[in-house]
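Chains as they are written, first to last, in this note's numbering: chain B, -4 to 148; chain U, -12 to 99.
C-beta: ideal position from N, C-alpha, C; glycine also.
Heads up: the structure comes next, in C-alpha cells.
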C-alpha cells in the first residue's frame, strides 16, 4: 500500500478545486488545522511537504451543500480510498480555539462558487502550540522554514 | 459569535467537537429531504452497528434533528425531558464512509 497521506500543499488546493466544481450555488468554508497551513503554503508556491503528514482536513461550513459533499469524503469513503486522507467536518464552535479577531487576519480565495477562508498561519498554529505535541512542534518548525510565519528573534 | 461560556454551558467543560459536529451537521443535513432519506437508510442499514440504538431513541433523535429552535431553547426542552443536548447528540448515529455511498442507491429505504 503506497503512502498517500496529506502532506503536499497542492493536495489541499486540488481538493478545493474539486469541491468548488461540484457546487451549484455560492457557499463558503473555513479551513483550520494542518490543512489550512498547507493551503497557505500552496499560496506561496511552497513544495516542501508537511512533516509527520496529516490524515484529514478540518473544514467548518454553514452550507448544507458543502456539508453533504464533505459527508461523501469522510473516513472510510471512496474519497479516502482514492486520496489516502479524508474530510472531518468541524463545528463552528471550534473556532473559539483560535486567537481573538482571527477573522481580521485570515486569507481567502475563490474556487468557482466556493469561498474559502483560512485563518493566518500564526493563528492556525496557536492551538497546536497549546497542545504542543511533537507533531505540532514539527508543523511550527515547517511553517517557519516555509516562510509562513516570521523567524523568531 | 460563540462565546466559550455558552459552549461550556451547553456541552460541558470537556467539549467533544465530534459530538457537536454530528449534531450541527446532522441537523443541517436533515433539512435536505434527499440527505434525510439517505441518513435514515444508512442508520437503518443492518450493517450499521448503532441501528438498534437508533431505533430505540428514534423519536427523540428525529425531534431534535427536526427542531428549528436555538441550541439553548432545545437544551431547556431536553432538560425538561430529563435528558440534555449533550446526551442526545451522543445518540445521533455516526455516518460510516465505508457504506454511506450505498444509501445513495436506495435513499429512504427503511430496511427491515
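- At a cut-off of 8 Å between beta carbons, residue 81 of chain B contacts chain U.
- Taking a beta-carbon distance threshold of 8 Å, residue 57 of chain U does not count as an interface residue toward chain B.
- Nearest to residue 10 of chain U by C-alpha distance, out of U:1, U:58, U:88, U:24, is U:58.
- In terms of Cα proximity to residue 96 of chain B, the closest of B:86, B:74, B:106, B:121 is B:121.
- DSSP places residue 57 of chain B outside both helix and strand once states are collapsed to three, so it counts as coil.
- Buried is the label assigned to residue 54 of chain B, since at least 16 other Cβ atoms lie within 10 Å of its Cβ.
- Residue 51 of chain U: member of the alpha helix (DSSP H) spanning 38 to 53, first to last residue.
- By a beta-carbon distance limit of 8 Å, residue 6 of chain U contacts residue 76 of chain U. Their separation comes to about 5 Å.
- When 9 Å is used as the limit between beta carbons, residue 77 of chain B is near no residue of chain U, the shortest such separation being about 12 Å.
- Boundaries of the beta strand (DSSP E) harbouring residue 110 of chain B: 109 to 113, taken from the DSSP string.
- In its chain, beyond the 5 residues on either side, 116, 117, 138 have a beta carbon closer than 6 Å to the beta carbon of residue 144 of chain B.
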